[in-house]
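Asks: Counting in UniProt numbering, the sequence shown runs from 1 upward without gaps. My questions all concern the structure below.
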Amino acid sequence: MANEELCRSGPQEHEQTFEVRVEPLGRRFDAPESLTVLEAAGFANLYLPRMCRNGTCRTCLCKMTSGRVRYTVEWPGVSIEEKAEGYILPCVAIAQSDLVIEAPDAVDLPTAVTR
């Protein structure tokens, strides 16, 4: 995902930021409180599967093995049982602590070359 595709501006100054580790890739990125986990991954040139970006299609569903999130929508498309097992939707999840997520389809994107 190119940074220009993101619907919000980048991280804001002087805001709390949490570290997200994506397994099995082992990739880490910062997730500021102004962005969803999916948006923060995009700014870090990390592709996480996505489609709707509003918590309904479940394309981005992944398992959070450590940490806490809050949602930007009242009822994201995750069942009570899935929430209890640690599943989250990164497209509508905001990090509230450092996170570890399992996203087997995550891909490092090449960084843009500037001249």
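Yeah, the Cβ is synthetic: ideal placement off N, Cα and C, and Gly gets one too. Keep in mind the model is a prediction, meaning the values are calculated, not measured.
In three-state terms, what does DSSP make of Glu74?
Replies: If you number the sequence shown from 1, residue 74 lands on position 74. Three-state result, Glu74: coil.
Asks: Under a Cβ-count criterion, where at least 16 other Cβ atoms within 10 Å of its own Cβ denotes burial, should Met51 be classed as buried or exposed?
Replies: On the sequence shown, residue 51 is found 51 positions in, with the first residue counted as 1. Looking at its Cβ environment, which holds fewer than 16 other Cβ atoms inside 10 Å, Met51 is exposed.
Asks: If you follow the beta strand (DSSP E) that Val22 is in, where does it begin and where does it stop?
Replies: By 1-based counting over the sequence shown, the position of residue 22 is 22. Element bounds for Val22: 17-23.
Asks: When the Cα atoms are used, what is the spatial distance from Val69 to Val107?
Replies: The count along the sequence shown starts at 1 and reaches residue 69 at position 69. The count along the sequence shown starts at 1 and reaches residue 107 at position 107. So the alpha carbons of these two residues sit roughly 22 Å apart.
Asks: Just the Cα atoms here: how many angstroms apart are Pro90 and Glu81?
Replies: In the sequence shown, the residue the question calls residue 90 occupies position 90. In the sequence shown, the residue the question calls residue 81 occupies position 81. Approximately 17 Å, taken between the alpha carbons.
Asks: Looking only at its chain, what residues have a beta carbon closer than 6 Å to the beta carbon of Leu6, apart from the 5 residues adjacent to it on each side?
Replies: If you number the sequence shown from 1, residue 6 lands on position 6. Model confidence at Leu6 stands at a pLDDT of 46, short of 50, so the residue's coordinates are unreliable and nothing is read from them.
Asks: For the alpha helix (DSSP H) containing Ala95, name the first residue and the last one.
Replies: Within the sequence shown, residue 95 is the residue found at index 95, counting from 1. From DSSP, Ala95 is part of no alpha helix (DSSP H) but of the beta strand (DSSP E) over 93-95.
Asks: Nearest to Thr72 by CA position, among Asn54, Pro24, Cys62, Cys60, is which residue?
Replies: Numbered from its first residue, the sequence shown carries residue 72 at position 72. Looking at the Cα atoms, Asn54 is the closest of the given residues.
Asks: Quick one: what's got a C-beta closer than 6 Å to Arg21's C-beta in the same chain, skipping five residues either side?
Replies: Taking the sequence shown and counting its residues from 1, the one referred to as residue 21 is at position 21. Closer than 6 Å at the Cβ level, and outside the excluded window around Arg21, lie Arg28, Val100.
Asks: Between the Cα of His14 and the Cα atoms of Thr56, Glu23, Pro32, which residue gives the shortest distance?
Replies: Taking the first residue of the sequence shown as position 1, residue 14 is located at position 14. The candidate whose alpha carbon is nearest that of His14 is Pro32.
Asks: Alpha carbon to alpha carbon, how far is Thr65 from Val92?
Replies: On the sequence shown, residue 65 is found 65 positions in, with the first residue counted as 1. On the sequence shown, residue 92 is found 92 positions in, with the first residue counted as 1. Their Cα atoms are separated by approximately 17 Å.
Asks: Going by alpha carbons, who is nearest to Ser34 out of Leu25, Phe18, Glu23, Leu48?
Replies: Locating residue 34 in the sequence shown gives position 34, counting from the first residue. Cα-wise, what sits closest to Ser34 is Phe18.
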